[in-house]
Amino acid sequence: MKLVVAGPFGVGKTTLIRTLSEIATLHTEEAMTETGRPVDDLAGLPEKATTTVAVDFGRLTLPGNVVLYMFGTPGQRRFFPLWQDIARGAVGALVLADTRRLADSFEIMDMVEEQGLPYAVAVNRFPDAPEHAVEVLRTHLDLHAATPLLLCDARERDSSLDALIALAEHVLDALPAAPATSDPATADPATPEQP
Numbered sequence: 358m359k360l361v362v363a364g365p366f367g368v369g370k371t372t373l374i375r376t377l378s379e380i381a382t383l384h385t386e387e388a389m390t391e392t393g394r395p396v397d398d399l400a401g402l403p404e405k406a407t408t409t410v411a412v413d414f415g416r417l418t419l420p421g422n423v424v425l426y427m428f429g430t431p432g433q434r435r436f437f438p439l440w441q442d443i444a445r446g447a448v449g450a451l452v453l454a455d456t457r458r459l460a461d462s463f464e465i466m467d468m469v470e471e472q473g474l475p476y477a478v479a480v481n482r483f484p485d486a487p488e489h490a491v492e493v494l495r496t497h498l499d500l501h502a503a504t505p506l507l508l509c510d511a512r513e514r515d516s517s518l519d520a521l522i523a524l525a526e527h528v529l530d531a532l533p534a535a536p537a538t539s540d541p542a543t544a545d546p547a548t549p550e551q552p
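Quick note: the sequence shown uses this note's numbering, first residue 358, plus one each step.
1. How long is the line joining the alpha carbons of Pro484 and Ser516, rounded to whole angstroms?
2. Can you give me the C-alpha to C-alpha distance between Gly432 and Ala460, rounded to a whole angstrom?
3. Leu417 and Ser378 - do their beta-carbons sit closer together than 8 Å?
4. Does DSSP put Phe483 in a helix, a strand or coil?
5. For Arg514, I'd like the list of residues in its chain whose CB is within less than 7 Å of its CB, leaving aside the five on either flank, ordered along the chain.
6. Using CA coordinates, which residue listed in His489, Phe366 and Glu471 is at the minimum distance from Thr456?
7. Ignore the nearest five residues each way along the sequence and tell me which others in Phe437's own chain have a CB closer than 8 Å to its CB.
8. Taking 8 Å as the limit between beta carbons, can you name the residues of its chain near Leu532, skipping five residues before and five after?
9. By the 10 Å Cβ neighbour count, where 16 or more other Cβ atoms means buried, how is Leu529 classified, buried or exposed?
10. Only counting the same chain, and skipping five residues up and downstream in sequence, which positions put a Cβ closer than 8 Å to that of His501?
11. Tell me the rounded alpha-carbon separation between Leu507 and Arg482.
12. Got a sec, what are the start and stop residues for the beta strand (DSSP E) Leu373 sits in?
13. Taking only three categories from DSSP, how would you classify Arg512?
14. For Pro365, does the count of other Cβ atoms within 10 angstroms reach 16, so buried, or fall short, so exposed?
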């Protein structure tokens, strides 16, 4: 399964993929520069020193030989065309959110919905971030009742794994049912057989 890990700038996408990947991750993080400061809003991110400029990639094998390929995308608007290319062929998206900047997630969720991807939202817990009940967050994020919403800590494997498993289950539930195998004994007699 190809999955996209999306979210606004500085929300923990690279950290989550590094935490979960069973292989050495591919990441394209670069140092933030003074030139980028007016472009990238660092409000609420005083410690932020690097940013993803292309893609993060990791792999995780779940029980039952379900292999998840995780593609992390940059969160800044100027990278949205790249996001669309990375999302091509994905079966779902995990959208990370931050309660300090919850409104920043709307644009990302809109893009995911425009791509037609099923998604789950994981609110990444930061030490200085306000905490809210899941029901309150669901209301503020205006999520559909079927969209999974979880609290996680991208630095903790079990917590991140729970979020990814919730997404994988949601994606599997959203897949169309496979057509039943054709049984000649129950075939419609009005339908001629193909040679």
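Heads up, the beta-carbon is just placed ideally off N, CA and C, and yes, glycines get one too.
Looking at the coordinates:
1. The count along the sequence shown starts at 1 and reaches residue 484 at position 127. The count along the sequence shown starts at 1 and reaches residue 516 at position 159. Straight-line Cα distance between these residues: approximately 15 Å.
2. As a working note, residue 432 is residue 75 in the sequence shown. As a working note, residue 460 is residue 103 in the sequence shown. Roughly 13 Å between the two C-alpha positions.
3. What you label residue 378 is simply residue 21 of the sequence shown in a count that begins at 1. What you label residue 417 is simply residue 60 of the sequence shown in a count that begins at 1. For Ser378 and Leu417, yes; Cβs fall inside 8 Å.
4. Mapped onto the sequence shown, residue 483 falls at position 126. Of the three classes helix, strand and coil, the one that applies to Phe483 here is coil, per DSSP.
5. In the sequence shown, counting from the first residue as 1, residue 514 sits at position 157. Closer than 7 Å at Cβ, skipping near neighbours: Thr376 and Leu377.
6. Walking along the sequence shown from the start, residue 456 turns up at place 99. With distances taken between Cα atoms, Thr456 lies closest to His489.
7. Numbered from 1 along the sequence shown, position 80 holds the residue referred to as residue 437. If we look at Phe437 and ignore the five residues flanking it on each side, its Cβ neighbours are Met468.
8. Locating residue 532 in the sequence shown gives position 175, where the first residue counts as 1. Cβ neighbours of Leu532 beyond the five flanking positions: Val448.
9. As a working mapping, residue 529 is identified with position 172 in the sequence shown. Within 10 angstroms of the beta-carbon of Leu529 lie fewer than 16 other beta-carbons, which makes it exposed.
10. Working through the sequence shown from its first residue, we reach residue 501 at position 144. Cβ within range, chain order: n/a, list empty.
11. Numbered from 1 along the sequence shown, position 150 holds the residue referred to as residue 507. Numbered from 1 along the sequence shown, position 125 holds the residue referred to as residue 482. Distance from the CA of Leu507 to the CA of Arg482, rounded to the nearest whole angstrom, comes to 10 Å.
12. If you number the sequence shown from 1, residue 373 lands on position 16. Membership of Leu373 in any beta strand (DSSP E) is not indicated; the residue belongs instead to the alpha helix (DSSP H) covering Lys370 to Leu377.
13. Residue numbering aside, residue 512 sits at position 155 when the sequence shown is read from its first letter. In the structure shown, Arg512 sits in coil (DSSP, three-state: anything other than H, G, I, E or B).
14. Sequence index remark: in the sequence shown, residue 365 carries index 8 (1-based). Per the 10 Å Cβ criterion, buried.
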